[in-house]
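In terms of UniProt numbering, the sequence shown opens at residue 1 and continues consecutively.
Ideal placement from N, C-alpha and C gives every residue a C-beta, glycine not left out.
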Amino acid sequence: MFELKDPIVTNVLHSLNQHGESAIFGGYIRDILLNINPKDIDIATTLSTEQVISIYPMANIRETISGYTIVSFTIKGRAFEIVPNSEDFLKKASDADLNINSLTYDGNHLIDATDSLKDFKKKIISSVKNNFEELVATSPFIWLKPFRLSSTTGFIIDKELLDTLEKTKSTLNLINKSIKTQEGYKILNSKYPLLSLEFLSKIGLICPFEIKFDPKSIILPNSQNNYHLQLIVFAYATSTHTINDFLTLYEFPESIKNNFYTLMSLLSGETSTTNFRLLNQKLLLERLLQKK
């Protein structure tokens, strides 16, 4: 049975439900079911924008590209996004980008309008009613989501969705560079990063590779500030060509690319340096990688 354990989220949903019908939808429910720490809470409500603002006067209002009004606010680190004037919660489910994102919770019941729980049991990522191609045509950034979710959940992208991703991979050209890079960082920081790389390889966006060891078994200090160190471990776990393709695909900053290529050259003995920081990083990587 699904249960909200965060009192802050429970209180917000309860407050909205006192004035009209409201339901949590999307990634928050997915993450709770998978025991992943959720970041954002999306709530659809029958209340008007003005009614939501009257309850949460500190909120901000914005319009999405698709024309929805979003009322957003943060309470003790929880980021809420409220979609007012939502009369049909079942439509919210059918409009979801992926089936594991289509569950809704109204405060009493978990509503599974698209048989999403089957995907959780099978550990697969599929589209809702095969509408993914239509969605990426209007919101190109959604194209990247299955790869990131496979890396965070460990779920397999089902064949039909993967075929659609291959068919629509030119969508990448329409996605903002900063969005691509942020998605790349999320994959690097995820629990199953090589799984997403495998699917990217299957549709021809990065070169094929064999997994030599689990890169997550190597613990790096301050890895979020030293992404090039993570990338080198990934290169040794797969191949340099694979990670080069990954860097290009997700348009990582030149500084990270340069640090990666420099350290790879140092580790292979192709170049030398007197830079103290690079020498220390080289020694650290040699010590960690020799155990593999």
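Below 8 Å, too few C-beta pairs join the stretch 130 to 141 and the stretch 102 to 122 to call them touching: fewer than three. Around the C-beta of G154, fewer than 16 other C-beta atoms lie within 10 Å, and the residue is accordingly described as exposed. The continuous stretches of alpha helix (DSSP H) do not include V128, and DSSP gives it neither H nor E. In the structure shown, D42 falls within a strand segment according to DSSP collapsed to helix, strand and coil.
In its chain, beyond the 5 residues on either side, D40, I41, D42, I43, I70, V71 and S72 have a beta carbon closer than 8 Å to the beta carbon of E81. Contact between T271 and S265 holds: CB atoms are separated by about 4 Å, below the 8 Å threshold. Taken atom to atom, the span from the alpha-carbon of L33 to that of D95 is near 20 Å.
Fully contained in the stretch 206 to 268 are the following alpha helix (DSSP H) runs of length 4 or more, in chain order: 227 to 237, 240 to 249 and 254 to 268. In the structure shown, the three-state DSSP call for L98 is strand. Under the 8 Å Cβ criterion, the stretch 156 to 171 counts as touching the stretch 197 to 205, having at least three qualifying pairs.
Around the Cβ of D119, a 10 Å sphere holds 16 or more other Cβ atoms; the residue is buried. Counting the other Cβ atoms within 10 Å of the Cβ of A79 gives fewer than 16, which makes it exposed. Taking 8 Å as the cut-off, the beta carbon of T248 is found no closer than this to the beta carbon of C207. In this structure, I61 keeps its C-beta atom at 8 Å or more from the C-beta atom of T46.
Beta-bridge partners of L117 (DSSP): none assigned.
By the Cβ rule, the stretch 224 to 235 counts as touching the stretch 176 to 192, because three or more pairs are nearer than 8 Å.
Secondary-structure assignment with DSSP links R148 through no beta bridge to anything. Here the C-alpha atom of N131 lies approximately 27 Å from the C-alpha atom of F2. Non-local C-beta neighbours of T262 in its own chain, meaning closer than 8 Å and more than five positions away in sequence, comprise T271, T273 and L278, ordered along the chain. In the three-state DSSP reduction, L103 falls in the coil class, being neither helix nor strand.
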